[in-house]
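Remarks on the structure that follows.
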Amino acid sequence: MSIELAEYRERRRRFADCIGAAGMDAAIVISRGGGTLDRFANVLYLTGHYQSYAYLPETPGLFSGRSHAAVVVSAADEAVLCVSVPEVATDRVAVDDVRCGDDFAVTIAEACRDLGASAGRLAIVGYDVMPAQMWLRLRELLGFEVLHDLEDQLAALRLIKSPAEQSLVRAAAAAGRRAVSAFLNMLRPGISEAEAVAAATSVAVADGAGVYFAAVSSGPQSGHYSATPLPGYSTRLLEHGDLVRVDLGIVLDGYLCDFGRTAVAGTPSREQDRLWGTLTDTLDRVIDGLYPGMATADLVAVGDRALASAGVGNGAAGPSGMYASYPAHWGHGLGLGWERPWLVSSEPLTLEPGMVLAVERAITLAGVGTVAAEQNVLLTEAGAELLTAGPAGRWT
Numbered sequence: 006m007s008i009e010l011a012e013y014r015e016r017r018r019r020f021a022d023c024i025g026a027a028g029m030d031a032a033i034v035i036s037r038g039g040g041t042l043d044r045f046a047n048v049l050y051l052t053g054h055y056q057s058y059a060y061l062p063e064t065p066g067l068f069s070g071r072s073h074a075a076v077v078v079s080a081a082d083e084a085v086l087c088v089s090v091p092e093v094a095t096d097r098v099a100v101d102d103v104r105c106g107d108d109f110a111v112t113i114a115e116a117c118r119d120l121g122a123s124a125g126r127l128a129i130v131g132y133d134v135m136p137a138q139m140w141l142r143l144r145e146l147l148g149f150e151v152l153h154d155l156e157d158q159l160a161a162l163r164l165i166k167s168p169a170e171q172s173l174v175r176a177a178a179a180a181g182r183r184a185v186s187a188f189l190n191m192l193r194p195g196i197s198e199a200e201a202v203a204a205a206t207s208v209a210v211a212d213g214a215g216v217y218f219a220a221v222s223s224g225p226q227s228g229h230y231s232a233t234p235l236p237g238y239s240t241r242l243l244e245h246g247d248l249v250r251v252d253l254g255i256v257l258d259g260y261l262c263d264f265g266r267t268a269v270a271g272t273p274s275r276e277q278d279r280l281w282g283t284l285t286d287t288l289d290r291v292i293d294g295l296y297p298g299m300a301t302a303d304l305v306a307v308g309d310r311a312l313a314s315a316g317v318g319n320g321a322a323g324p325s326g327m328y329a330s331y332p333a334h335w336g337h338g339l340g341l342g343w344e345r346p347w348l349v350s351s352e353p354l355t356l357e358p359g360m361v362l363a364v365e366r367a368i369t370l371a372g373v374g375t376v377a378a379e380q381n382v383l384l385t386e387a388g389a390e391l392l393t394a395g396p397a398g399r400w401t
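When we follow my numbering, the leftmost residue of the sequence shown carries the number 6, and every step to the right adds one.
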């Protein structure tokens, strides 16, 4: 299961149209790999290339641009892939002109010149991952004052997933489901958070996925996203009646699965059941209310009304004694990373078939704790296709 080379080329053609429409000669698209799974997306999306070597400081004559890769795309749909190490999976990369040199900035600058890009008509995607040192070198070599930002244009191309991408998203979600199920099956008194994470990540890795993050909290820390900032979980032993939260992110063939659950170590109390049931009922109303052509703000309103009707306050306890916890949103888009639409009332995007969404929320009840849950869904012409239902029911 993979993306065909022809699809990468078609993506690049559409991006070349964006470059021309902006009045630019070419765009430098830069991404960071190096084993990280958060900012590799744009170069992979356009070329099929992921830079696997870890970041190392610029060391002239030895290391240059380590962990980074760039593709220079012209408005005429020509492309040069610039890599910082001479290891490229040529059978997976949809670019004929691949260049590697001792000075990464020089490699990029030469590609820009060869594609006929003038200093005043150069665009950029990847401001946030280009080191300042590299920026200064490129400005020195190319003579530009500013680079036109085309981040939004490329992000818009990535919003709607092709049939091939949808298959990869489903596969990533299936691997994520198996991993989270393994985590939940470990939860009992005397087991540590770390042991439960080990069970989950071993399943994900066996499926060929990379582990992006595992955020776990339990017992008195259930109000926190994670027990510890690094690595995101602790060796704390679970006690009977502990609420245990997990949010697991994995990446399979580049595509992200990001979802979570809350469970109890042992037998849940009546109040724990009430808290969990309120959360899942609310999220069900949001998911079941999804339809193509819906304004994002309207979906947010569905969720807000569901919270209010359940007596859940916003920032302070409502009639139920519960309140919606941080973060105050209903989720976000997914793909080769976190993407729009952001499920907040200020998001202007319309929800369209082919978008992948992570729908999430957290609710707190004083004296009981915090529960959080998240589902991944693919929006189709018929509505929401739930990707992360558990083996024994939607929220298992």
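Here a beta-carbon is modelled for each residue, glycine too, at the ideal position from N, C-alpha and C.
Check, Outcome
"Through-space distance from L42 to G359, alpha-carbon basis", "22 Å"
"Nearest-angstrom beta carbon gap, E357 and P297 [assumed within contact, 8 Å]", "6 Å"
"CB of T95 within 8 Å of CB of V76, strictly", "no"
"Outcome for L141 when other beta-carbon atoms lying within 10 angstroms are tallied against a minimum of 16", "exposed"
"Sub-8 Å separation of A209 and V221 beta-carbons", "no"
"Secondary structure of G305, DSSP reduced to three states", "Before going on, a small fix: residue 305 reads as Val here, not Gly. Helix."
"Boundaries of the alpha helix (DSSP H) in which I113 is found, first to last residue", "109 to 119"
"Between the CA atoms of T112 and T301 - distance to the nearest angstrom", "42 Å"
"Enclosing beta strand (DSSP E) for S380 [first to last residue]", "Per the sequence presented here, residue 380 reads as Gln, with Ser not at that position. Segment 374 to 385, the beta strand (DSSP E) holding Q380."
"Span separating the alpha-carbon of I292 from that of G265", "15 Å"
"Those runs of the alpha helix (DSSP H) which lie wholly inside the region 41 to 116 and span at least 4 residues", "46 to 52"
"Exposure of D263, with buried meaning 16 or more beta-carbon neighbours within 10 Å", "buried"
"I465, DSSP secondary structure in three states", "Because the chain is modelled from 6 through 401, residue 465 falls outside the range shown and cannot be assessed."
"Any 3 or more C-beta pairs closer than 8 Å across the region 142 to 156 and the region 122 to 129", "yes"
"Same chain, Cβ closer than 6 Å to I196, neighbours up to 5 away in sequence not counted", "L243"
"Backbone CA spacing between G294 and E386 [nearest angstrom]", "13 Å"
"3 or more residues per run - each beta strand (DSSP E) lying fully within the region 320 to 383", "327 to 329, 336 to 339, 361 to 370"
"Cβ neighbour criterion (16 or more within 10 Å) applied to H245", "exposed"
"Element boundaries [beta strand (DSSP E), containing D252]", "247 to 257"
"Identity of the residues DSSP links to Y260 by a beta bridge", "L257"
"I24 - DSSP class collapsed to helix/strand/coil", "helix"
"A81 vs A21 beta-carbon contact at 8 Å", "yes"
"Secondary structure, beta strand (DSSP E): runs of 3+ residues fully inside the region 173 to 223", "215 to 223"
"Inter-residue spacing [alpha-carbon to alpha-carbon] between Q158 and L383", "22 Å"
"The region 331 to 341 / the region 387 to 394 touching (three or more Cβ pairs under 8 Å)", "no"
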